[in-house]
Amino acid sequence: MQTQGMTIRLQKNEWEKIKEIAAKNKVKQTDIARMFIRDGLAQFDRKHIALMEKIMSLQMQIATLQESSEQSNILSAANLAAISLLNIDRIDGARENGRGRLKENVKTSLRLGKSLQEARASGAFDKET
Numbered sequence: 244m245q246t247q248g249m250t251i252r253l254q255k256n257e258w259e260k261i262k263e264i265a266a267k268n269k270v271k272q273t274d275i276a277r278m279f280i281r282d283g284l285a286q287f288d289r290k291h292i293a294l295m296e297k298i299m300s301l302q303m304q305i306a307t308l309q310e311s312s313e314q315s316n317i318l319s320a321a322n323l324a325a326i327s328l329l330n331i332d333r334i335d336g337a338r339e340n341g342r343g344r345l346k347e348n349v350k351t352s353l354r355l356g357k358s359l360q361e362a363r364a365s366g367a368f369d370k371e372t
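Numbering (this note's numbering), first residue to last: 244 to 372.
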């Protein structure tokens, strides 16, 4: 490929900015100027890079939320299962007796939920490959 030389004049602040970018990236100032010219000719916008970085950040946040949601679903299911296994006949029965029994059942189900959470953290529920 044949190349052609070119002389251009820049404002002092533009040249300082090119020098700063070149020093930061450890390349020559002419390489930075050449890169900017090529990007401009290709109609490339550096904002696209920032947009892609933001999209990747959002994807990671979504994955974290999905993981938290899965953990929450497991604990909710465990709590409901524990309560149903504890054979609560009537919550609205004899108030004093019913409330005390419900309170104990909820405490027991929360302990079971905590145990399930610890088991999940240790990998007990991981899919086998």
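Quick reminder that beta carbons are idealized off the backbone N, C-alpha and C, glycines included. For clarity, every value in this text was computed on a predicted model and none was experimentally measured.
K375 (DSSP reduced to helix, strand or coil): For residue 375 there is no data in the structure shown, the boundaries of the chain being 244 and 372.
So, is I261 buried or exposed, given that buried needs 16 or more other C-beta atoms within 10 angstroms? Position 18 of the sequence shown holds residue 261. Flag for I261 reads buried.
Of the choices Q245, K271 and Q314, whose alpha-carbon is the least far from that of S365? Along the sequence shown, read from residue 1 onward, the residue named residue 365 stands at position 122. Out of Q245, K271 and Q314, Q314 has the C-alpha closest to the C-alpha of S365.
Within the continuous alpha helix (DSSP H) that includes I280, where are the two ends? Within the sequence shown, the letter at position 37 stands for residue 280. Q272 to L284 is the extent of the alpha helix (DSSP H) around I280.
In three-state terms, what does DSSP make of A337? The residue given as residue 337 occupies position 94 in the sequence shown. Residue placement at A337 is poorly supported in this model, since its pLDDT is 47, which falls under 50; the coordinates are not used for a value here.
Contacting residues, own chain, Cβ-Cβ under 8 Å from T246 (five flanking each side not counted): As a first step, residue 246 must be located in the sequence shown, where it is residue number 3. None.
Take the Cβ of I275 as the centre, count every other Cβ of all protein chains shown within 10 Å, and call the residue buried at 16 or more, exposed below. On the sequence shown, residue 275 is found 32 positions in, with the first residue counted as 1. By the 10 Å Cβ count, I275 comes out buried.
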